[in-house]
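Written out below as structure tokens is the structure these notes cover.
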Amino acid sequence: MEILWAPWRMAYIERDQPKGGEESCIFCDAARPDGGHSDLLIHRTELAICMLNRYPYNPGHVMVAPHRHGGDLAELGQTELVAVMEELKLATRVLQQELKCEGLNGGWNQGRAAGAGIEDHLHFHLVPRWNGDTNFMPILADVKVIPEHLEATAAKLRDAFRREVVAPGQ
Ligand SMILES: [Zn+2]
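Just so it is clear: in the sequence shown, position 121 is 1243 by the numbering used here, and no numbers are missing.
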């Protein structure tokens, strides 16, 4: 298996609910000024958030979303588009520096027909890649991820975002 991007599998990967028992949107929850109930939020700007995927393809699999609840890229305003792209850029740099990834897959699934697990709130996936990682990817994807590892990764990336915002790299 050489191709990682399998959007139809995202339905499984995105099957996640905010903590606290609410049946609300995980992205709206994470975008709240207090960070909501999310333990996976990594970074927030005025209009966008970056959070770790609870069911990652690879370590460091993050999702970037605009704050505003809505599922259609075509409805984003220019400032939101720029905010989302800037957050994707920042996340790319952080994943390169912190996890030493050798490549990245990125993209979004829009609509149920395209395999979106959470179709009502637009979000982009960014998956760090290393040479040869497809060999163990199918195994990793089906293994239940240990929460401590996720929290450790989230903390590490949070610090990296903080550093990158203060002293941006080239
Ligand atoms: Zn939402």
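Even for Gly, the Cβ is constructed at its ideal location relative to N, Cα and C.
In terms of DSSP beta bridges, what is residue i paired with?
| i | result |
| --- | --- |
| V1184 | L1174 and L1248 |
| N1227 | V1249 |
| H1165 | C1172 |
So, helix, strand or coil for residue i, using DSSP?
| i | result |
| --- | --- |
| V1265 | Legend: pLDDT at V1265 = 49, less than 50; position of this residue unreliable, value from coordinates given subsequently. In this structure, V1265 counts as coil in the three-state DSSP scheme. |
| I1148 | helix |
| R1080 | With the chain running from 1123 to 1292 in the structure shown, residue 1080 is simply not present. |
| E1241 | coil |
| H1271 | helix |
| G1233 | coil |
| L1198 | coil |
| R1284 | helix |
| K1211 | helix |
| K1278 | helix |
| A1289 | coil |
| D1156 | coil |
Am I right that residue i and residue j are in contact with their C-beta atoms under 8 angstroms? What's the rounded C-beta distance?
| i | j | result |
| --- | --- | --- |
| G1225 | R1251 | 4 angstroms |
| F1246 | M1185 | 7 angstroms |
| C1147 | H1191 | 6 angstroms |
| Q1232 | L1272 | Q1232 to L1272, Cβ: 26 angstroms. No contact. |
| I1171 | L1162 | Going by Cβ atoms, the distance from I1171 to L1162 rounds to 10 angstroms, so no, they are not a contact pair. |
| L1169 | T1201 | 6 angstroms |
| L1212 | P1181 | Actually they are not in contact, since the Cβ atoms of L1212 and P1181 sit about 18 angstroms apart, beyond 8 angstroms. |
| A1153 | R1166 | 7 angstroms |
| G1193 | L1244 | 5 angstroms |
| H1183 | V1249 | 5 angstroms |
Could you name the residues whose beta carbon sits closer than 6 angstroms to any heavy atom belonging to ligand 1, keeping them in chain order? C1147, F1149, C1150, H1191 and H1243
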